[in-house]
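Residue numbers (our numbering): 32 to 287. Beta carbons are placed, not taken as given, at the ideal position from N, Cα and C, and that holds for glycine. Here the structure is a predicted model, which is why all the values come from computation and not from measurement. To keep things clear, I will list the structure first and then write my remarks on it.
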C-alpha cells in the first residue's frame with residue numbers, strides 16, 4: 032500500500048458558510064491505495080523545445096524534480112509509463128502498439144478546413160507558418176536522456192492505448208509529471224483532463240512540470256499557477272515530488 036496525501040481546492044466550504052469565491056479553500060485527502068493499481072506517467076519529457084529559454088527551465092525541472100521521482104518510483108516497484116507524443120512513442124521498441132481503428136467515416140470538420148487550405152485558406156493566422164516550422168524542427172525530438180524507458184517500461188502514444196494498458200494491468204491511479212501545464216499535460220488525449228474524464232484518479236506533481244508563459248506572465252509564472260489552480264478546482268489532485276517520493280519510501284508490502 033501507498034499513502035497518498037494530496038490536495039485539491041474546494042469551492043464549497045460547508046459548515047453553513049456561504050459558497051463564495053472568497054470562502055474557497057484547499058482541502059486534503061489521505062488515501063491508502065494499492066501500489067499495484069498506481070502508475071507514474073511521464074508525459075512529453077523531451078530533450079528539446081522550440082523555445083530555448085523554455086527548454087532550459089524544462090531541463091532544470093526534469094533533472095532536479097522529475098528524475099528523483101522517477102528513481103523513487105522504480106525503486107518502489109511502481110509501474111512507470113512513458114507518454115512522449117506519438118512520433119517519439121512509435122519509434123521506441125517498448126511502444127505498446129496501436130489500438131484498433133474505428134471504421135472509416137467522412138471526417139468532420141473537413142481536412143481542408145482543418146488545414147486552412149482550399150476554400151478556407153483565408154482563415155489562416157499570421158503565425159501559422161512560423162508555428163509549423165517550429166513543430167517541424169521538433170520532428171527529431173526524443174526522450175530526455177535521463178528519462179528514457181528502462182527495461183520493459185511501456186510507451187504509449189494515445190489515450191486509447193493508455194486506457195487499454197491500464198485495463199490490462201488493472202491500474203486506477205495515475206500520477207503525472209511532464210510538460211507543459213498548460214499545454215500537453217491538459218490537452219493531450221492521454222493527459223490529465225482526458226484520463227480524469229475516463230474515471231481514473233489523476234494526480235499532478237505540481238513542481239514536476241512547467242508552464243508555457245507569455246512575456247507578461249513569465250515573471251510570476253501566472254499561466255502555470257493558474258493552470259494548477261484550474262485543475263485543483265475541477266477534481267484533479269496535486270502533490271509535490273518530495274511528498275510523492277516520501278510516500279513511496281514508506282510503502283507497506285502487505286496488499287501492495
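How many angstroms separate the CA atom of residue i from the CA atom of residue j?
{"i": "residue 59", "j": "residue 232", "result": "14 Å"}
{"i": "residue 266", "j": "residue 227", "result": "8 Å"}
{"i": "residue 258", "j": "residue 170", "result": "27 Å"}
{"i": "residue 279", "j": "residue 129", "result": "31 Å"}
{"i": "residue 126", "j": "residue 229", "result": "22 Å"}
{"i": "residue 117", "j": "residue 146", "result": "19 Å"}
{"i": "residue 242", "j": "residue 83", "result": "14 Å"}
{"i": "residue 235", "j": "residue 168", "result": "29 Å"}
{"i": "residue 48", "j": "residue 268", "result": "23 Å"}
{"i": "residue 292", "j": "residue 88", "result": "Because the chain here runs from 32 to 287, residue 292 falls outside it and cannot be looked at."}
{"i": "residue 277", "j": "residue 121", "result": "33 Å"}
Going by DSSP, what residue range makes up the alpha helix (DSSP H) through residue i?
{"i": "residue 216", "result": "215 to 218"}
{"i": "residue 120", "result": "117 to 122"}
{"i": "residue 178", "result": "Taken as a continuous stretch (DSSP letters only), residue 178 belongs to no alpha helix (DSSP H), as it is neither H nor E."}
{"i": "residue 103", "result": "98 to 107"}
{"i": "residue 192", "result": "190 to 200"}
{"i": "residue 142", "result": "142 to 145"}
Determine the extent of the beta strand (DSSP E) in which residue i is found, giving its start and end residues.
{"i": "residue 262", "result": "No beta strand (DSSP E) holds residue 262; the alpha helix (DSSP H) holding it covers 253 to 264."}
{"i": "residue 276", "result": "Run containing residue 276: none in the beta strand (DSSP E); it sits in the alpha helix (DSSP H), 272 to 280."}
{"i": "residue 111", "result": "110 to 114"}
Let me check one thing: in DSSP terms, what residues is residue i bridge-paired to?
{"i": "residue 62", "result": "35"}
{"i": "residue 205", "result": "70, 233"}
{"i": "residue 56", "result": "41"}
Excluding the 5 residues preceding and the 5 following residue i in the sequence, name in chain order all residues of the same chain whose CB lies nearer than 6 Å to its CB.
{"i": "residue 215", "result": "75"}
{"i": "residue 57", "result": "38, 40"}
{"i": "residue 244", "result": "254"}
{"i": "residue 62", "result": "35"}
{"i": "residue 190", "result": "220, 221, 225"}
Could you pull out every residue in the same chain whose Cβ sits closer than 7 Å to the Cβ of residue i, ignoring the five residues on either side in sequence?
{"i": "residue 238", "result": "96, 271, 272"}
{"i": "residue 86", "result": "79, 80"}
{"i": "residue 213", "result": "242, 243, 254, 258"}
{"i": "residue 149", "result": "143"}
Please classify residue i as buried or exposed, where buried requires at least 16 neighbouring CB atoms within 10 angstroms.
{"i": "residue 285", "result": "Residue confidence is low: residue 285 scores 49 on pLDDT, short of 50, so the model does not pin down where it sits. Its coordinate-derived value is still stated next. The residue is exposed, with fewer than 16 neighbouring Cβ atoms inside 10 Å."}
{"i": "residue 138", "result": "exposed"}
{"i": "residue 194", "result": "buried"}
{"i": "residue 91", "result": "exposed"}
{"i": "residue 152", "result": "exposed"}
{"i": "residue 210", "result": "buried"}
{"i": "residue 163", "result": "exposed"}
{"i": "residue 43", "result": "exposed"}
CB-CB under 8 Å to residue i, same chain, minus the five flanking residues each way: which ones, in chain order?
{"i": "residue 256", "result": "242"}
{"i": "residue 124", "result": "none"}
Should residue i be listed as close to the ligand GTP, given that the test is whether its C-beta is under 7 Å from any heavy atom?
{"i": "residue 167", "result": "Ligands displayed in this structure: none; no statement on the ligand GTP is therefore possible."}
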